[in-house]
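Worksheet: the structure to be examined is printed underneath.
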Amino acid sequence: MRERSLQLLEWYDVHARSMPWRVPPADRKAGALPDPYGIWLSEVMLQQTTVAAVRDYWRKFMGLWPTVADLAAAQDADVMAAWAGLGYYARARNLLKCARAVVADHGGVFPPDHDTLLTLPGIGPYTAAAVAAIAFDQPETVLDGNVERVMARLYDVHTPLPAAKPELMALAKALTPQERPGDYAQAVMDLGATICTPKSPACGICPLRDDCMARIAGTAPVLPKKTPKKPVPVRRGIAYVVRRDDGAWLLETRDPKGLLGGMLGFAGSDWSDDPQPAPPLDAEWQQLDATARHTFTHFHLELTILWTRVPGNARPARGHFVPHNDFSPTALPTVMRKVFDLVADSLPFG
DNA sequence: GACCCGTGGTA
DNA sequence: TTACCAAGGGT
Numbered sequence: 001m002r003e004r005s006l007q008l009l010e011w012y013d014v015h016a017r018s019m020p021w022r023v024p025p026a027d028r029k030a031g032a033l034p035d036p037y038g039i040w041l042s043e044v045m046l047q048q049t050t051v052a053a054v055r056d057y058w059r060k061f062m063g064l065w066p067t068v069a070d071l072a073a074a075q076d077a078d079v080m081a082a083w084a085g086l087g088y089y090a091r092a093r094n095l096l097k098c099a100r101a102v103v104a105d106h107g108g109v110f111p112p113d114h115d116t117l118l119t120l121p122g123i124g125p126y127t128a129a130a131v132a133a134i135a136f137d138q139p140e141t142v143l144d145g146n147v148e149r150v151m152a153r154l155y156d157v158h159t160p161l162p163a164a165k166p167e168l169m170a171l172a173k174a175l176t177p178q179e180r181p182g183d184y185a186q187a188v189m190d191l192g193a194t195i196c197t198p199k200s201p202a203c204g205i206c207p208l209r210d211d212c213m214a215r216i217a218g219t220a221p222v223l224p225k226k227t228p229k230k231p232v233p234v235r236r237g238i239a240y241v242v243r244r245d246d247g248a249w250l251l252e253t254r255d256p257k258g259l260l261g262g263m264l265g266f267a268g269s270d271w272s273d274d275p276q277p278a279p280p281l282d283a284e285w286q287q288l289d290a291t292a293r294h295t296f297t298h299f300h301l302e303l304t305i306l307w308t309r310v311p312g313n314a315r316p317a318r319g320h321f322v323p324h325n326d327f328s329p330t331a332l333p334t335v336m337r338k339v340f341d342l343v344a345d346s347l348p349f350g
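Here the first sequence is numbered in the UniProt record's numbering, starting from 1 and rising by one per residue.
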């Protein structure tokens, strides 16, 4: 067991990917550790999200809020706007809750142990282990999609996910070394991301190829097995775009719970098989030729766009007018950004 | 365990 | 174009 983890660490010493939040293996071996705040921020952003998508957001957040105390003191709307486009917006809401809990309950310092980290909002089993291992070099075992795949192949596990998780966790734990656990955690994930990939794994250049039971059995490309997913339905809806004569846009902050919770958006109907009209004010609505299409995790959405212009004395039943100069489309979640772009492309007042 | 929750890249 | 997939967490 120890042999395999050492092979992986030697591979990582040469092939570690460079990331803005990462301390390279040479520096860690010399005793350097990363800022726990930056590691926590990166791990939350990386939940179900690719490294490529995270890089710029991480830099932006570190520039706007360099410490956990800065983030804890930020306005909710500013954080949600900065997160716009990254998805899974409950992460941003929990990010703020967590930062404020660290300041209020832990003296503004991230706790180093797994069990205490686990009590914080937005930190689950994976992120608690990742922060403990990467930021504090604790011998915790991370189990993410990469590690699941590497373990399933290394030991030729055919039990489908997610039922296989306990088994894969036990295998991953047995492989975790006491030396350099932080580098080891990152090494397994780098291996999964670059060599032991979901499709067409590069077994020929894998540092664990001689030990890999799935490679020997020829089953690596079909592992890990997964229980089939349900088909995603199509839902429809109506988006109402209102432009006031002075250029202001009618927007609303969505309910903090549920889909796109806490994010800015245009007023709209429900999203369902048979959406009911729900205009935010009385007006002569014009239908846009184009339809906004967007796919969420569990359904496809087709949005009909109705637009209108209203005078300065208009009083909407829902939402609020945002002056043209205060409005930034980048603060919108992607589906609302698509609506905005279609309106801007089709109408003279874009 | 089941379900909800975004987005962009890739084949 | 469709379907899968990515450093998961909350309920």
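All residues carry an ideal CB built from backbone N, CA and C; glycine is no exception. No experiment lies behind these values; they were computed from the predicted model shown.
Terminal residues of the beta strand (DSSP E) in which residue i lies
i      : result
Leu306 : His300 to Val310
Leu250 : Trp249 to Thr253
Leu342 : First-last for Leu342: Thr334 to Ser346, but that is the alpha helix (DSSP H), not the beta strand (DSSP E).
Straight-line Cα distance separating residue j from residue i
i      : j      : result
Ser5   : Ala128 : 21 Å
Lys60  : Pro112 : 25 Å
His15  : Ala220 : 22 Å
Glu10  : Pro181 : 13 Å
Arg337 : Glu43  : 26 Å
Gly350 : Thr50  : Interpretation of Gly350 is limited by its pLDDT of 49, a score under 50 that renders its predicted location unreliable; the figure taken from the coordinates is listed afterwards. Computed Cα separation, rounded: 32 Å.
Asp341 : Leu118 : 40 Å
Thr330 : Gly87  : 13 Å
Glu179 : Phe136 : 13 Å
Phe327 : Asp70  : 24 Å
Thr197 : Phe296 : 24 Å
Pro280 : Glu148 : 47 Å
Gly262 : Ala84  : 11 Å
Leu332 : Ala132 : 34 Å
Arg17  : Ile216 : 27 Å
Val109 : Val157 : 40 Å
Alpha helix (DSSP H) segment containing residue i, residue limits
i      : result
Gln186 : Pro181 to Thr194
Glu167 : Lys165 to Leu175
Asp27  : Pro25 to Lys29
Thr197 : It is not in any alpha helix (DSSP H) - Thr197 carries neither H nor E in the DSSP assignment.
Ala38  : The identity of residue 38 in the sequence shown is Gly, whereas the question assumes Ala. That run of the alpha helix (DSSP H) goes Pro36 to Met45.
Ala217 : Met213 to Ala217
Leu154 : Gly145 to Leu154
For residue i, the nearest candidate out of the options (CA to CA)
i           : options                           : result
Ala99       : Pro36, Pro323 and Asp341          : Pro36
residue 373 : Pro221, Val188 and Lys225         : No statement about residue 373 is possible, as the shown extent of the chain runs from 1 to 350 and does not include it.
Asp105      : Asn94, Asp345 and Leu120          : Leu120
Gln7        : Cys212, Phe299, Ala53 and Pro20   : Cys212
Leu168      : Pro177, Trp83, Gln178 and Leu154  : Leu154
Ala164      : Phe296, Asp137 and Thr227         : Thr227
Pro311      : Pro198, Ala130, Trp285 and Arg243 : Arg243
Leu250      : Leu260, Ala214, Leu306 and Gly204 : Leu306
Ala92       : Pro323, Ala132, Trp40 and Glu140  : Trp40
Ile238      : Lys230, Gly218, Trp285 and Pro231 : Trp285
Leu288      : Tyr240, Ile216, Arg254 and Val222 : Tyr240
Lys225      : Leu161, Asn146 and Ala133         : Leu161
Lys29       : Thr67, Leu96 and Tyr184           : Tyr184
Contact check, residue i vs residue j, beta carbons under 8 Å
i           : j      : result
residue 373 : Ala172 : Since the first residue shown for the chain is 1 and the last is 350, residue 373 is missing from the structure and cannot be characterised.
Val234      : His300 : yes
Ala74       : Trp65  : yes
Ala290      : Ser200 : no
Gly265      : His324 : no
ask   = Could you give the uninterrupted runs of the alpha helix (DSSP H) lying entirely in the segment 52–118, keeping only those of 4 residues or more?
value = 68–72, 76–83, 90–106 and 114–118
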